[in-house]
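By our numbering, the letter at position 131 of the sequence shown is numbered 509, and the numbering carries on one by one without gaps.
Beta carbons are placed, not taken as given, at the ideal position from N, Cα and C, and that holds for glycine.
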Amino acid sequence: MNSNIIDIENLHKTYANGFEALKGISLQIREGAFFGLLGPNGAGKSTLINSMVGLVKPTSGSIRIAGFDIARNTSEALMNIGVVAQEILCDPFLSVYEMLSFQSGYYGLKNNDEWIEVIIDSLGLSEKRQTPCRLLSGGMKRRVMVAQALVHKPPIIVLDEPTAGVDVQLRNQLWQFIEKLHQRGHTIVLTTHYLEEAQNLCSEIAIINHGQIVTTGTTDQLLDSVEQNTVRFRLVKGQIPEKLRCRVLHAEAQSFVIGFSDAMDLGAILETLRTARCEIGNLQTSKATLEDLFIRVTQAD
Ligand code: ADP
Ligand code: MG
């Protein structure tokens, strides 16, 4: 097997109503990656993730999970992946412990109690272990779903918007646990619309829009590609020089925002202003973020 633990080739999904949600996705995720799948609402992220675990049946194309084709070797593929779905699904009448115990049974795992206790403890569910799901808060239900995805210790853990609508404390606790799993060698794939979160956590990223991958690479590569550090200043005296006019991203009264690539470029901009005898005030620079890139690649429509 090559080092890509997930290998998706030319995946298409057209739903029964004729809507084409995935338009030929090819994506490789290497073993041990912390991979972020980003995209606006309706981009097809959940469709893609659900296809990886057989919850959605692709129209064409193939998915290999740890070398197993999800369509042909479904159970072997599923042993290698655990998904935390976007929607909260849990049996209202089962207690937290019962759910995890039953889930172990689905995978044919006996004597899984030791591991179940570890996940209950790590996810802060100890006090709720006997509580039926229907009595849990939204945040607690989310923890249970994470626990369920981990019951069979899958090498790949996929989380679809795990922190949507989750309070800060749980979010931090959840990330600590996920990072620990990543350090232990698990491959993590997540979707999130918190771009800052993705920028901090993920080593690799793909941005998807309208069912297609619009850009992919390591987080550093993507940030370097943005060339969208910005300098903001107020013109106290003088006119913006002709040479800079076409580079102005935003202008309001005498305030201007200009994009620049690196320190040399910024120096050149300031030199141009000085030569044109401009006097400036309120100088501020800000570094490119994933959000800048996200807006650029998803806004072209
Ligand atoms: P995301 O997770 O990126 O928000 P989804 O994969 O949930 O996007 O949805 C992608 C597109 O497919 C959306 O336009 C959505 O309305 C549509 N879609 C999702 N599920 C179905 C379905 N069962 N039938 C028809 N269209 C669907
Ligand atoms: Mg979704």
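Quick check on I497: does DSSP put it in helix, strand or coil? Translated into the one-based positions of the sequence shown, residue 497 becomes position 119. Looking at I497 - three-state DSSP - the assignment turns out to be helix.
Considering only DSSP beta bridges, list what N607 is partnered with. For the purposes of this step, residue 607 is identified with residue 229 of the sequence shown, where counting begins at 1. In DSSP, N607 forms a bridge with F638.
Nearest-residue set for the ligand MG, Cβ under 7 Å from any heavy atom: K423, S424, Q464, D538, E539, T569
Using the C-alpha atoms, what's the distance from I427 back to I433? Counted from its first residue, the sequence shown places residue 433 at position 55. Counted from its first residue, the sequence shown places residue 427 at position 49. For clarity, residue 433 is Leu in the given sequence; the question names Ile instead. Approximately 9 Å, taken between the alpha carbons.
Using the beta-carbon count (16 or more within 10 Å), is M379 buried or exposed? As a working mapping, residue 379 is identified with position 1 in the sequence shown. Only weak support exists for where M379 lies, its pLDDT of 46 falling under 50; the coordinates are left without a value.
Just tell me which of L416, A411, I407 has its CA closest to the CA of I673. Looking up residue 673 in the sequence shown gives position 295. Of the candidates L416, A411, I407, the one whose C-alpha sits nearest the C-alpha of I673 is L416.
Segment limits, alpha helix (DSSP H) that includes K558: To locate residue 558, count along the sequence shown from 1; it is residue 180. That run of the alpha helix (DSSP H) goes 546-561.
Could you have a look at D491 and say whether DSSP puts it in helix, strand or coil? For the purposes of this step, residue 491 is identified with residue 113 of the sequence shown, where counting begins at 1. Correct three-state label for D491: helix.
Please list, in chain order, all residues of the same chain as A411 whose beta carbon is under 7 Å from its beta carbon, the five residues on each side excluded. Here residue 411 refers to the residue found at position 33 when the sequence shown is read from its first residue. Result list for A411: T565, S581, E582, in chain order.
Can you look up V522 in the DSSP assignment and give me helix, strand or coil? Counting from one through the sequence shown, the residue named residue 522 turns up at place 144. In the structure shown, V522 sits in a helix (DSSP, three-state: H, G or I).
Grab the span of the alpha helix (DSSP H) containing T676 for me, first residue to last. Your numbering for residue 676 matches position 298 in the sequence shown. Counting along the chain, the alpha helix (DSSP H) containing T676 begins and ends at 668-676.
Taking DSSP as the reference, what is the three-state secondary structure of V474? Here the question's residue 474 lines up with position 96 in the sequence shown. If DSSP states are grouped into helix, strand and coil, V474 belongs with the helices.
Excluding the five sequence neighbours on either side, which residues of its own chain have a C-beta within less than 6 Å of the C-beta of S334, listed in chain order? Coverage of the chain is limited to positions 379 through 679, which leaves residue 334 absent and any answer about it impossible.
Can you round the beta-carbon distance between T650 and L627 to whole angstroms, since I take them to be within the 8 Å contact cut? To locate residue 650, count along the sequence shown from 1; it is residue 272. To locate residue 627, count along the sequence shown from 1; it is residue 249. So it is not a contact: roughly 16 Å between Cβ atoms.
Under 8 Å from any heavy atom of the ligand ADP, does the C-beta of L573 make it? Locating residue 573 in the sequence shown gives position 195, where the first residue counts as 1. Not so, every heavy atom of the ligand ADP lies at least 8 Å from the Cβ.
Report the option in Q547, D545, F555 whose CA atom is closest to the CA atom of A525. Taking the first residue of the sequence shown as 1, we reach residue 525 at position 147. Of Q547, D545, F555, the residue nearest in Cα terms is F555.
Taking the alpha carbon of K484 as the point to measure from, which residue in A646, E575, Q551, M457 has its own alpha carbon closest? Looking up residue 484 in the sequence shown gives position 106. The sequence as given places Tyr at residue 484; Lys does not occur at that position. Selected option, being the one with the closest Cα: M457.
Once you ignore the five residues that flank T569 on each side, which residues in its own chain have a CB closer than 6 Å to its CB? As a first step, residue 569 is located in the sequence shown; it is residue number 191 there, counting from the start. Answer for T569: L415, K423, D538, E539, listed in chain order.
By a C-beta neighbour count over all protein chains shown, 10 Å radius and 16 as the cutoff for buried, is S438 buried or exposed? Taking the sequence shown and counting its residues from 1, one reaches residue 438 at position 60. So S438 counts as exposed.
Spatial distance of K615 from G659 (CA atoms): Looking up residue 615 in the sequence shown gives position 237. Looking up residue 659 in the sequence shown gives position 281. Rounded to the nearest angstrom, the two C-alpha atoms are 9 Å apart.
Beta-carbon proximity list for T596, same chain, < 8 Å, skipping 5 on both sides: Start at 1 with the first residue of the sequence shown, and residue 596 comes out as number 218. The answer, listed in chain order, is S581, E582, I583.
With a threshold of 8 Å (Cβ to nearest heavy atom), would A631 be considered close to the ligand ADP? Counting from one through the sequence shown, the residue named residue 631 turns up at place 253. The answer is no for A631.
Name, in chain order, the residues that DSSP records as bridge partners for K435. Translated into positions along the sequence shown, residue 435 becomes position 57. Answer by DSSP bridge pairing: none, since K435 is not bridged.
Sort A576, A666, D469 by Cα distance to R549 and report the nearest one. Here residue 549 refers to the residue found at position 171 when the sequence shown is read from its first residue. That would be A576, whose Cα lies nearest to the Cα of R549.
Beta-bridge partners of R652, as assigned by DSSP: For the purposes of this step, residue 652 is taken as residue 274 along the sequence shown, with counting starting at 1. Answer by DSSP bridge pairing: none, since R652 is not bridged.
Between the region 509-527 and the region 463-475, are three or more C-beta pairs nearer than 8 Å? yes
Does the ligand ADP have even one heavy atom less than 8 Å from the beta-carbon of L622? On the sequence shown, position 244 is the one that residue 622 refers to. No, the ligand ADP has no heavy atom inside 8 Å of this Cβ.
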